[in-house]
Amino acid sequence: TEKINKALRDIGIRNPRIAVAALNPHASNGGLFGDEEEKEIRPAVLELRKRGINVSGPIPADSVFHLAFEGKFDAVLSLYHDQGHIAAKTRDFYGTVSVTLGLPFIRTSVDHGTAYDIAGKGVANPASMENAIKVAAELYERKTLLSR
Numbered sequence: 121t122e123k124i125n126k127a128l129r130d131i132g133i134r135n136p137r138i139a140v141a142a143l144n145p146h147a148s149n150g151g152l153f154g155d156e157e158e159k160e161i162r163p164a165v166l167e168l169r170k171r172g173i174n175v176s177g178p179i180p181a182d183s184v185f186h187l188a189f190e191g192k193f194d195a196v197l198s199l200y201h202d203q204g205h206i207a208a209k210t211r212d213f214y215g216t217v218s219v220t221l222g223l224p225f226i227r228t229s230v231d232h233g234t235a236y237d238i239a240g241k242g243v244a245n246p247a248s249m250e251n252a253i254k255v256a257a258e259l260y261e262r263k264t265l266l267s268r
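Last residue of the sequence shown: 268 in the numbering used here, with the numbers rising by one and none dropped.
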């Protein structure tokens, strides 16, 4: 989350609002569905807040992306790959792009996977790849302008 915070600041978001998705259904519902939220996730979120990071969570995964799409968060930390992709693909299967924050370079990728099963058949929809390239270029431009 510290890396996400820095990466968002690097592209011009002054006080990034970061949500942490819960691991278990209903964020464990008081221990009914697990204890990872109380034992691991919540203490980590509280520690990050002490360090000055604007982070919220754990927020139930079935709600957190709705809140982000409404503009309440600048980023959502998903706890596993498909948790984040379900929301993104449901919103716009061909237009969404994955952005990996916190790396020393800009990394974007298509959300639909490699699609080896249709490679070379002339049936692939290029929209997601085009968007991944556009997003990478936009992030580069923002980061470059802000670093001057």
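Where is the CB? At the ideal position from N, CA and C, for every residue including glycine.
| query | Going by the CB atoms, is the gap between Glu157 and Ala141 shorter than 7 Å? | reply | no
| said: Which residue wins for smallest C-alpha separation from Glu261, given the options Lys126, Ala127 and Ile131? | reply: Ile131
| request: Let me know if Asp231 comes out buried or exposed under the rule of 16 or more other beta-carbons within 10 Å of its beta-carbon. | output: buried
| request: Could you tell me whether the Cβ atoms of Arg137 and Asp182 are closer together than 7 Å? | output: Asp182 is positioned such that its CB atom lies no closer than 7 Å to that of Arg137.
| request: Determine the closest residue to Asn251 out of Lys126, Tyr236, Ala235 and Thr228, with distance taken between C-alpha atoms. | output: Among Lys126, Tyr236, Ala235 and Thr228, the Cα nearest to that of Asn251 belongs to Thr228.
| Gly240: first and last residue of the uninterrupted beta strand (DSSP E) it sits in | First-last for Gly240: undefined, no H or E at that position.
| Rounded C-alpha distance that separates His201 from Ser218 | 10 Å
| query | In the structure shown, what three-state DSSP assignment does Arg227 receive? | reply | strand
| field | 7 Å Cβ shell around Phe185 - same chain, five flanking residues per side excluded | value | Val196 and Ala207
| task | Go through the region 123-169 residue by residue and report every complete run of the beta strand (DSSP E) that reaches 3 residues or more, in order. | result | 138-141
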